[in-house]
Each structure stands twice: as C-alpha cells, then as structure tokens.
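Student: Residue numbers (the working numbering), protein chains in the order written: chain A, 1 to 335; chain B, 336 to 670.
Beta carbons: idealized from backbone N, C-alpha and C, even for Gly.
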DNA sequence: CGCTAAGATGAAACCGCTTACATTCACGCT
DNA sequence: AGCGTGAATGTAAGCGGTTTCATCTTAGCG
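Given below as structure tokens:
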C-alpha cells in the first residue's frame, strides 16, 4: 500500500503538502492540489487510519454501547445510528454490554481506549452517579433513554410515564375498569415510569389499585404468559391487560387464548414499544409507539452537533410516545 | 494518559521491556514483570491502540459486513459473531452495505483500510468473480451463506435447496397437492436454491409445475400478501402455500385471513428461516429452521482457527436446515 | 524594477508503540 | 578465577501520518 511519502515523490512535493490536501483544509494552490490528487489516484493511495489517528488524536469514530446487538429495540437503533453517522462521514464502533454494570463500564473503557470522538450510550445497569462523577473526565457522551436531572444536556429520553398513562387510558376510554398490568423489572427506570403512568391513569378514572391485578414481569414473553396465568388464577376478573412491552403482550395473548379467552372479544390487550412484528400478530397488537428511530437519529445528530460542530442540526431531547390502536383492543360492554 | 515511556521510567526499565510484558510473549524475568505490572497499575496505563496497530500492523479486529444491522437474520448473526469474538479477545468492526454491490465493495475497502485481521462477509450483491479474482490479494475472508465452487474453503453455507425441498415435502406429506409457492427475488442465490428444492419435491411426488401457483416475491411481507392475492385471483385453487421466508408467510397469512380462509383449516402455510417471532404468530408458524447462530459462531471460529491459529476449533462449512412443524400446517383431506 | 507581505511549501519534530539487533548479566564449568 | 553461553534487557530505527515553524514564492504596489 502506497504511503504518503510515495505520493509526495510522485507529485513532486513534500509530505506536508500531501497531508494538507488529504485534510483538505489548508491553503494549497489549486494546481498543486491537482498534481497531488493525480498522484494519489495513480497510486491508489489510502491514508493509514492508524497513523492518522495517532498523529492527530482524532478518529472520526463514535462509540456506541448497547445491551445487545439483536432484539427489536437495539437492532433498529444501531441501524439508524450507523446510517446517520455514515452519511455524515463518521463511523460507529459498536459494542454490547449485556445489561451488566461491570460490562458497561468495560465497554465505556474499551471505547475510550479506542479514542472515540464521542460516545452514544444505552445504559441499563450503571447508576446515574457514574456519569455525574465523570461528566468532565469522560469523552463527550449522550445517554439514550435515561434522564439524569443535572445532566439533561446529555440525555435523550422517552416520556415513559406518559406512555404508561396512554396505554392504560386507552383501555379505560374503551370502558374497561378491571385492568391487569404486567410490568417490567422492578427498579428499572423505564419499567417504573411506565407503571407510574398506569397508576396515574387508574387514579384519574377513579379505579382503585388492586394488587391482584398486578404482576411484576421482566419484559420476556414468558413473564407475559406466566403473569397472565397467575392473575387469571387469582380469582379477580379482568377485561383488559396492559403490558409494559410487546414481548410480554405476546405471552399474555397466547396464555389467554389457551385458556379459552377471545382477543379482543373477552379480553383486550395493549403492549408497549410498537416493535416491528407487533402488527404481524393476530389480532394485530395495539401498543404504544416508541419513536426509536427518531431518537436514534437524534443521538447521532447530538454528536454531529456538539462534537463536530454542525450548527444546522437542532436537537430534541425529550420524546413523546404515541398510542397505536390496532385490533387487540375493543370497547367493553357489560355482558 | 500515561505512555509506555512513563511506565518504563516508573518501573526503572526500558520501553522495550514494558512492551514485552504488554505483549506477554517474550521472556521477561518474573521479578521485572512484577515491577512493570505494578508501574502500569499505578499509572493506570492503557496502551494506545493506534500506536500498537501502526507499529505492529496487527489490530485484533475482524471486519464484519452485512446488508443491514437490523432484521431478524442479521441482528442475531452480528450478536453471535460479536460475542464469540469478544470471548476470544478479538473485536468486531461492523458495517452495513444495504444489498448494493458498490456499497459492498466500499465496505470491504473500508474494512481493509482499517487493517482488519480478517473479514466475515455476508454478501448479497457482489458477484462470485469478485472473490475469485481477489482470493490472494484480499485479507483472509469467510463468506457467510454463499458457496463458490473453487472457494469452498472460504464458504459457510446453508443447504437452501434442501430447505426448500423440506418445506414443500412437509406439505406434500400432509396430503396437499395444490401448492402455491412465493419465492424470493429471482436471481438471488438463496431464493433460487429454495425454489429448486421446491421443484424437486414436487417432481418427487409427481405434482406437475403450475405457473399460476407461483409468485416471484422479494422477501417482504407485502410480497407475501400481494402474491397470495394474485394467486387467489388466478382461479387455480390451492390448499397450501409455501413461502421462501417467514416475512412473506406473514403477508400470506394476513391476506388469506381477510379473504376468509382459515389457517390451517382451509389453507396450510409454511415459511422459511424460523425467525424469532415465527412462534409469536397465531397460529404459530411452521417453518424451516435456519441454523443462524451455529453458522455465525462458526464464522467467528473460522477466523480464530485460520487467522489466529486456534487449532482446537473444528470447522463445519455446510449446514443443514431443519423442518419445524408448528400450527399453520395441517393434513389435507378431501372436502 | 525592487520591496514587502501574504500565501504556499518544506523541514523536522513528534504521536506511542514494536522489534531487530546489540549489549549486558548471571551462572555453571574447567 | 576466567570463560562461554544463553537469557534478559536496552538501543534505536521505524510504522505513516500531522503540525509547527521557517523558508521560499508570488503578486501587488510605489
């Protein structure tokens, strides 16, 4: 592979000049630039990324850390981030941390070692303090889907509470009053916020909280199924089940069906996230739309704006969920 | 950030020695090693990846090129590859090429510029010749899901023909004789092979080919839906539809349902791929299992074996699809 | 036509590490 | 004690760029 030195020779200039045309910033006479470009083309020259990064201490890489590479949330997220960055000539370095605090810290360390210009983080386990303590020392970072009070500038987040509210309000508006709820893991920000929204809706409609219509799930299909069975067996009848994500809604649907309930004739179901396959289900799943692509794109824009100085980009930090009514929800009418 | 030089000073040795303990290969006296490690810990030293790569011309990075980062095939594939490599202390650099020959070539160029130690490629558009011409000049590479005759060593592939055969045979075995087929894009290797398997099964059972029971799709849900409508309108009755992937099967199911057909009572459906949500559907989708995780892991192993010399790994290059019978297929009995 | 200043180019010092080769060290033997 | 030897360590030359600063052009102007 040709080096900058050979290009310089071929073009009859010094390496400094070649370097200048590579970083097409400095003043190089048009004629000289031509010569150099010609030589570069001739030799099929490609700058050595490592030498560049070593010398310049810049990498044009943005580190992206997520819990998993697969899954209906992360995969589209990565896809959007990568695409947006690539369009801006930047490159994403992706790593997975598997919802483990230590691995998340490792991941951040890894990306830092790689001298990324910035970090886009979807943190699941690391406490907010981690970032509060490091606001200054860490590379520039955006947190996707977390809202840390005094760090708002770094946070892009979905209003999960509002989403939880919208989901439950949707079935309340349809006349349901006996509503079961399957939550995400207790203690997780998203899950708690969605639950809080649920409770707010109940309160607003004057429906008392009933512990027997609550099941603490873990966002898996299995939890949806088990939770439904448990609540069915608890003896308190319900006409709707609100799930904190679509995955659990699938489990709930399946279990209800095997127990002989019609959806939505006997029981309405609503999920959360609006993952791609939600509309593949039968009946098509009503759910809360999580503007995942918008948020992912915005994370990339945040970096382009704040790290690379693209002033044209406007940054939105707070995102609103949206109700998507499909076929698993129906009005409730007294039998 | 501390440099190797400072570590050397702190430990009272030369940088060469520090370098030796970093690459813990060479003979360093145990006591010296201790001193150096202590100094490294003391200074919280992290080697500069770029300086290392520049000097050594090795990166510990494996380039991975796929069509998309999202989707039920690519996301799990990336996830598995990344995980396997990480466990071996290697790192994946991931890039997407969006099914475009030029972008695929760009992607390979990109990964080559980054001086990856090897390439794992899921190529969609680039012709086999590209690789035949470059077998020598390219970085070590594995092709996922393509079988190029004289390049078998580089190819991991699924027996798509056999998969196509199994799918159609499954419904034939159930007594169906009027079988519609929705294929993938004509000209794509996978799609053509699956179709060939379908035809082989038909022939084996003495069922004549009927052009009206064939619809050339494109692997999208919409194609499944449109294809089904088209064939329904063609006037040739059918009792089963075999789809070249699960996505199209969803479309087919939906369309059949809106036209008033029961699944599987009136029409059986079988897909291909066994994507994660296939069992979320109702009825649960019968399909052909694509051993995606096995193949992805094997791609990582190929690299560990052939590039990093891990002799313990055995490499399997050919993978067999497997029939997964669930609830969308039922025996056909004359009305 | 000569002088000046701005603009274009070049020389050389780094960036932080690896590695071939030279040097030193420690130790067993005669 | 002196020597030979292999192992441990040090020296210094890159790896391929960027960037500061000095030097050389060039054009404009009196």
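1. Distance cutoff 8 Å, beta carbons only. Does residue 311 (chain B) sit that close to anything in chain A?
2. Which of the three DSSP states is assigned to residue 397 (chain B) in this structure?
3. List in chain order: all unbroken beta strand (DSSP E) runs of 3+ residues lying wholly within the region 611–642 of chain B.
4. So if I threshold CB-CB distances at 7 Å, which residues from the region 386–402 of chain B count as touching chain A?
5. If the cut-off is 8 Å on Cβ atoms, which residues from the region 610–622 of chain B count as contacting chain A, listed in chain order?
6. State the start and end residues of the unbroken beta strand (DSSP E) segment that holds residue 551 (chain B).
7. According to DSSP, is residue 315 (chain A) part of a helix, a strand, or is it coil?
8. Chain A beta carbons: is any one of them nearer than 8 Å to that of residue 455 (chain B)?
9. Quick one, which of B:525, B:575, B:528 and B:519 has its alpha-carbon nearest residue 550 (chain B)'s?
10. Residues of chain A with CB under 9 Å from residue 498 (chain B), in chain order?
11. The ligand FAD heavy atoms versus the CB of residue 524 (chain B): any closer than 7 Å?
12. Between residue 488 (chain B) and residue 457 (chain B), what straight-line distance do the alpha-carbon atoms span, to the nearest angstrom?
13. Shortest alpha-carbon distance to residue 606 (chain B) belongs to which of B:535, B:393, B:366 and B:575?
14. Could you tell me whether the region 163–178 of chain A touches the region 198–206 of chain A, using the rule of 3 or more Cβ pairs below 8 Å?
15. For residue 657 (chain B), name the three-state secondary structure that DSSP assigns.
16. Using the C-alpha atoms, what's the distance from residue 108 (chain A) back to residue 325 (chain A)?
17. If you follow the alpha helix (DSSP H) that residue 168 (chain A) is part of, which residue opens it and which one closes it?
18. In this structure, how does DSSP classify residue 131 (chain A) when only helix, strand and coil are distinguished?
19. Hey, quick one: how far does the alpha helix (DSSP H) through residue 5 (chain A) stretch, first residue to last?
20. Confirm, please, whether the CB-CB distance from residue 610 (chain B) to residue 407 (chain B) is below 8 Å.
21. Answer with yes or no whether the minimum CB distance from residue 414 (chain B) to chain A is below 8 Å.
22. Determine whether the beta carbon atoms of residue 417 (chain B) and residue 69 (chain A) lie at a separation below 8 Å.
23. Hey, which unbroken runs of the beta strand (DSSP E) at 3 residues or more fall wholly within the region 53–115 of chain A?
24. Can you pull the chain A neighbours of residue 429 (chain B), defined as C-beta to C-beta under 7 Å?
25. With H, G and I counted as helix, E and B as strand and the rest as coil, what does DSSP make of residue 579 (chain B)?
26. Please name the residue in A:175, A:180, A:222 and A:169 whose C-alpha comes closest to that of residue 204 (chain A).
27. Do residue 120 (chain A) and residue 299 (chain A) have their beta-carbon atoms positioned less than 8 Å apart in this structure?
28. Measure how close the beta-carbons of residue 213 (chain A) and residue 231 (chain A) come, nearest whole angstrom, since I'm counting them as under 8 Å.
29. Just to confirm my understanding: we take residue 245 (chain A), look at its own chain, exclude 5 residues before and 5 after, and list those with CB closer than 7 Å. What are they?
30. Could you compute how far the alpha carbon of residue 642 (chain B) sits from the alpha carbon of residue 18 (chain A)?
31. In three-state DSSP terms, what is residue 50 (chain A)?
32. Output, in sequence order along the chain, the residues in the region 287–301 of chain A whose CB is closer than 8 Å to any CB in chain B.
33. Where do the N-terminal and C-terminal ends of the alpha helix (DSSP H) with residue 36 (chain A) fall, by residue?
34. Report yes if the C-beta distance between residue 116 (chain A) and residue 139 (chain A) is below 8 Å; otherwise report no.
35. Within 8 Å, do at least three Cβ pairs link the region 97–107 of chain A to the region 421–441 of chain B?
36. Relative to chain A, which residues along the region 519–542 of chain B have a C-beta separation below 9 Å, given in chain order?
Tutor: To lay it out plainly:
1. What the structure shows of chain B is the stretch from 336 to 670, and residue 311 (chain B) is not part of that stretch, so it cannot be assessed.
2. By 1-based counting over the second chain, the position of residue 397 (chain B) is 62. Looking at residue 397 (chain B) - three-state DSSP - the assignment turns out to be strand.
3. 622–624
4. 386, 388 and 389
5. 612, 615, 616 and 617
6. Mapped onto the second chain, residue 551 (chain B) falls at position 216. From DSSP, the beta strand (DSSP E) with residue 551 (chain B) extends over 549–551.
7. Stepping through the first chain from its first residue, residue 315 (chain A) is reached at position 315. Note: residue 315 (chain A) maps to coil in three-state DSSP.
8. Taking the first residue of the second chain as 1, we reach residue 455 (chain B) at position 120. It does not: the Cβ of residue 455 (chain B) has no partner Cβ on chain A nearer than 8 Å.
9. In the second chain, residue 550 (chain B) corresponds to position 215, counting from 1. Selected option, being the one with the closest Cα: B:519.
10. On the second chain, residue 498 (chain B) is found 163 positions in, with the first residue counted as 1. Result: empty, since nearest Cβ-Cβ is about 21 Å, beyond 9 Å.
11. With respect to the ligand FAD, the structure shown offers nothing to examine, as it has no ligands at all.
12. As a working note, residue 488 (chain B) is residue 153 in the second chain. As a working note, residue 457 (chain B) is residue 122 in the second chain. If you take the alpha carbons of residue 488 (chain B) and residue 457 (chain B), they lie about 15 Å apart.
13. As a working note, residue 606 (chain B) is residue 271 in the second chain. The shortest Cα separation from residue 606 (chain B) among B:535, B:393, B:366 and B:575 belongs to B:575.
14. yes
15. On the second chain, residue 657 (chain B) is found 322 positions in, with the first residue counted as 1. In the structure shown, residue 657 (chain B) sits in a strand (DSSP, three-state: E or B).
16. Within the first chain, residue 325 (chain A) is the residue found at index 325, counting from 1. Within the first chain, residue 108 (chain A) is the residue found at index 108, counting from 1. Cα-Cα distance, rounded: 39 Å.
17. The residue given as residue 168 (chain A) occupies position 168 in the first chain. Residues 160–173.
18. Residue mapping note: residue 131 (chain A) aligns to position 131 of the first chain, counting from 1. Helix at residue 131 (chain A).
19. Residue mapping note: residue 5 (chain A) aligns to position 5 of the first chain, counting from 1. Its alpha helix (DSSP H) spans residues 4–11.
20. Residue 407 (chain B) sits at position 72 when you count from the first residue of the second chain. Residue 610 (chain B) sits at position 275 when you count from the first residue of the second chain. A contact, by the Cβ cut-off of 8 Å.
21. On the second chain, residue 414 (chain B) is found 79 positions in, with the first residue counted as 1. At least one chain A Cβ lies under 8 Å of residue 414 (chain B).
22. Counting from one through the second chain, the residue named residue 417 (chain B) turns up at place 82. Counting from one through the first chain, the residue named residue 69 (chain A) turns up at place 69. Contact: yes.
23. 61–66 and 91–96
24. By 1-based counting over the second chain, the position of residue 429 (chain B) is 94. Here the neighbours are 94.
25. For this step, residue 579 (chain B) is matched to residue 244 along the second chain. Looking at residue 579 (chain B) - three-state DSSP - the assignment turns out to be coil, as it is neither helix nor strand.
26. One-based indexing of the first chain puts residue 204 (chain A) at position 204. Selected option, being the one with the closest Cα: A:169.
27. What you label residue 299 (chain A) is simply residue 299 of the first chain in a count that begins at 1. What you label residue 120 (chain A) is simply residue 120 of the first chain in a count that begins at 1. Yes, these two residues count as a Cβ contact at 8 Å.
28. What you label residue 213 (chain A) is simply residue 213 of the first chain in a count that begins at 1. What you label residue 231 (chain A) is simply residue 231 of the first chain in a count that begins at 1. Yes, residue 213 (chain A) and residue 231 (chain A) are in contact; Cβ-Cβ is about 6 Å, under 8 Å.
29. On the first chain, position 245 is the one that residue 245 (chain A) refers to. Answer for residue 245 (chain A): 184, 219, 271, 272 and 273, listed in chain order.
30. As a first step, residue 642 (chain B) must be located in the second chain, where it is residue number 307. As a first step, residue 18 (chain A) must be located in the first chain, where it is residue number 18. Computed Cα separation, rounded: 35 Å.
31. The residue you call residue 50 (chain A) lines up with position 50 of the first chain. It is helical.
32. none
33. The sequence position of residue 36 (chain A) within the first chain is 36, counting from 1. Unbroken alpha helix (DSSP H) run through residue 36 (chain A): 30–43.
34. Here residue 116 (chain A) corresponds to residue number 116 of the first chain, with the count starting at 1. Here residue 139 (chain A) corresponds to residue number 139 of the first chain, with the count starting at 1. Yes; because the gap between Cβ atoms is below 8 Å, this pair is in contact.
35. no
36. none
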